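Just so you know, we're using this note's numbering here: the first sequence kicks off at -4 and counts up by one.
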Amino acid sequence: MFIAFRREVEAAVEAALDDLGYPTGDLGIEEPPADVLAVLASSVAYRLAGEAGAPPPQVAGELADAVDVTDAKYVAEARSQGPYVNFRPSDAYFADTLVEAQADDWGHLADTGESVVVEHTSANPTGPVHVGRARNPILGDALARVLEYAGNDVTREYYVNDAGRQMAVFTWAYETFDEADLPEPEREKPDYDLVRYYRKGNEFLEEGPDEEVEAAEAEIAAIIEGLDEGDEATYERVEEVVDTVLGGMQDTLGRLPAEFDEFVKETRFLRDDSTHEVVDRLKESEHAYEEEGAWQLDLDDWDIEQSFVFLRSDDTTLYTTRDLAHHEWKFDEFDRAVTVLGEDQELHANKLNAALDILGNDTDRLEELFYAWVNLPGGESMSTREGTGVDMDDLLDEAVSRAEDAVRSRLGDRVRDDDLTDEDVERIAEQVGIGAVRYDVVAKQPTKAITFDWDDALDFEGQSAPFVQYAHARACGILGEAAGDVEPRLDADVLTDDAERALLASIARFPLVVEAAAEDLEPHQVATYTREFADDFNAFYRECPVLADDVDEDVQAARLALVDAARQTLANALDALGIDAPESM
RNA sequence: GGGCACGUAGCUCAGUUCGGACAGAGCGUUCGGCUUCUAACCGAAAUGUCGGGGGUUCGAAUCCCCUCGUGCCCGCCA
């Protein structure tokens, strides 16, 4: 709706500028402040003042007069206000918004016809998911959802690093150490079980007797070599560890929820020989050279100082080499590829891009979304190997437990009479607790560093998921109360209060927000929208009673339709973020 | 040392792409509101050298240069 409105405004302004003999390159279309009664405005008069030899307000007046919106469906009027030309919505704008927002798929944009692979998380399967890693799946899953809302065919991919040194160390440690020498696992889950071997192994390599460490290193090197050569027996040894740990991690990620369509293993690109084909092609490149037995690329032309080593002096490949084959696979299978990466990966990503360019790929099809690290208070970083950090399972358990306390403490003074069972309470606690954690992460700009704080992550008031979810529950409450007594009617003409109009205008913006968030790869724009929207709904809730006895029947029916449209908008906006919308709280 | 990010109210953050209407929220503080569709809510008040300095512009939180502070990266690791 908003998008159609914008199209009409753009066409009208462009035509008017053309008529008046002004350039049409800059239309100056922007969203006005909240207290201005317009959906869009143009500030172009500022720029034309010099050429026109008249002050901006005068140019704005001239432009407003020249704008012809008689054929427009959604733009009712162009009116100058100071240096701005404001575009006001027609009755049809509100009427169609009310109708369209009733649909289950409200906020979904037209199909782009494009397939997009969103690779996220891709954490090495070395142990339980900790909070430091959690930004990636939450951000990645929300991004995938937003891109789906924007009309793309999205595949969620977890790239499994099963061929590197870390997995070789893990496999060696798992086969070498005796469970009796390990501490009790922190949780009865396979990832918590096996990470003990990994930690023990790393400790041994750092502090063990030189001779024994040397022998261990030889065994680790043999595993790496076996993988690189595609040796089936080695692959099976490593796979046992990888799949077991990954299974445990998947359970945790699923709670967020972050689920994947594909788990693509790194060893796949060794077994099908594509990595070695990449090596051969790179050796032919004018940027390739051999130094001290290692093959590398000179990336000066891409303003990257450091060379890109793609073949070790012992002729084995590196993670980055295999990642090249991986990305060529993506280019074959999908139209676009987006990767969610920690900011520590930026140099690697730039080098990868340059190498893909050398291999003749169109790297415009590949984009990255970088996020800053989550640190512990005191500046300590979270590490699986060292066992520092807060486990994601612990955070989610605590969040759900606090949410359950909150739900139960409110049961006594509930006005709404919907008899929540224990099962309901548990479900709501799950939705609210996990939603709060997820919202806390997804609402912030990814480039800003986060210091983890229990109270901040578990704050259920103010700008949080529960605040937005509560607005949704309120809407459901009204709809439930009205069921059978009042039939909603799609009649926006009787919705004339400021709060009603503001809510409709806010509903109409939803598709635009999806469009912008997808375009910029910024799910947090949707999060910002949800809390502004909840504000608008709460204002309506306060100002406009729906079911009160003294409300006119027509108004009651129309307000009920408006409540349903708001409910649909809240539910879908939360869904685009991967947050559940409880019907009662 | 070089590269990339970040710095907005006491705290947590929107707004910065693409310069434009008085710089906005929440928490906290002070005051007020539940016999009225759910108070995880709402209303009112107070709170700012938009890190600092310079520049461009009719106009800068937003663009450019310098500077300070913080984080990340600079492996034949992943």
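Using N, Cα and C, we set each Cβ at its ideal position, and we do this for glycine too.
Just so you know, these numbers come straight off a predicted model, no measurement behind them.
| query | result |
| --- | --- |
| Got a sec, what are the start and stop residues for the beta strand (DSSP E) ARG380 sits in? | Element bounds for ARG380: n/a, residue is neither H nor E. |
| Here's the rule I'm using: 16 or more other beta-carbon atoms within 10 Å means buried, otherwise exposed. How should LYS443 be labelled? | exposed |
| Would you mind reading off the limits of the alpha helix (DSSP H) that contains GLU5? | -3 to 15 |
| Roughly how many angstroms separate the alpha carbons of LYS439 and HIS519, rounded to a whole number? | 6 Å |
| Measuring CA to CA, which of ALA500, VAL541, ALA494 is closest to ASP480? | VAL541 |
| For GLY428 versus GLU399, is the C-beta spacing smaller than 9 Å? | yes |
| So, under 8 Å CB-CB, TYR69 and ALA(-1) are touching, yes? Tell me the CB distance rounded to an integer number of Å. | 6 Å |
| Determine which residues share a DSSP beta bridge with THR150 and list them. | VAL112 |
| Which residues does DSSP pair with HIS125 in a beta bridge? | ASP386 |
| Can you confirm whether the region 269 to 283 touches the region 314 to 321 when touching is taken to mean that 3 or more C-beta pairs between the two stretches lie within less than 8 Å? | yes |
| Tell me where the alpha helix (DSSP H) around TYR187 begins and ends. | 185 to 202 |
| Where DSSP assigns a beta bridge to PHE258, which residues make up the other side? | TYR153 |
| With DSSP as the reference, label TYR41 as helix, strand or coil. | helix |
| Pull up the distance between the alpha-carbon of TYR169 and that of GLU209, whole angstroms please. | 17 Å |
| Find the nearest neighbour of SER117 within the set GLU109, ALA129, SER110, GLY108, judged by alpha-carbon distance. | ALA129 |
| For PHE535, which residues of its own chain have a beta-carbon under 6 Å away from its beta-carbon, when the five flanking residues on both sides are left out? | ALA494, LEU498 |
| Curious, which full-length beta strand (DSSP E) runs of at least 3 residues does the region 210 to 290 contain? | 257 to 260, 283 to 286 |
| Would you kindly check if the distance between the Cβ of ALA452 and the Cβ of ALA394 is under 9 Å? | yes |
| What's the C-alpha gap between VAL521 and GLU46? | 39 Å |
| Would you give the residue range spanned by the alpha helix (DSSP H) that ASN567 belongs to? | 548 to 572 |
| Measure the alpha-carbon distance for VAL369 versus VAL432 and round it to whole angstroms. | 13 Å |
| Decide if the region 85 to 94 is in contact with the region 5 to 19; the criterion is three or more beta carbon pairs, one per stretch, under 8 Å apart. | no |
| Whole angstroms are fine: how far does the CA of THR262 sit from the CA of GLY225? | 8 Å |
| Could you say which of LEU361, ASP275, ALA10 lies nearest to GLY20 if we only look at CA atoms? | ALA10 |
| Would you tell me roughly how many angstroms separate the C-alpha atoms of GLU300 and VAL190, rounded to the nearest one? | 37 Å |
| Using the Cβ count rule (16 or more neighbours within 10 Å means buried), how would you classify ASP414? | exposed |
| Enumerate in chain order the residues of its own chain whose CB-to-CB distance from TYR153 is below 6 Å, with the five nearest sequence positions on each side excluded. | THR116, SER117, PHE255, PHE258 |
| In the DSSP assignment, find the unbroken alpha helix (DSSP H) run with ASN345 in it and report its ends. | 341 to 353 |
| From LEU490 to SER501, what does the alpha carbon distance come to, in whole angstroms? | 14 Å |
| Run through the DSSP bridge pairs and tell me what ILE445 is partnered with. | VAL369 |
| Whole angstroms is fine: what's the gap from LEU58's alpha carbon to THR564's? | 35 Å |
| Could you round the C-beta distance between ALA503 and VAL141 to whole angstroms and report it? I think they count as a contact, below 8 Å. | About 19 Å separates the two Cβ atoms, so there is no contact after all. |
| Could you check what DSSP says for GLY475 in three-state terms: helix, strand or coil? | helix |
| State yes or no: is the C-beta of ALA216 within less than 9 Å of the C-beta of GLY203? | no |
| Let's see if you can read the secondary structure: which residues bound the beta strand (DSSP E) around VAL304? | 303 to 306 |
| Nearest by alpha-carbon distance to ALA228: which of SER396, ASP357, ARG562, ARG266 is it? | ARG266 |
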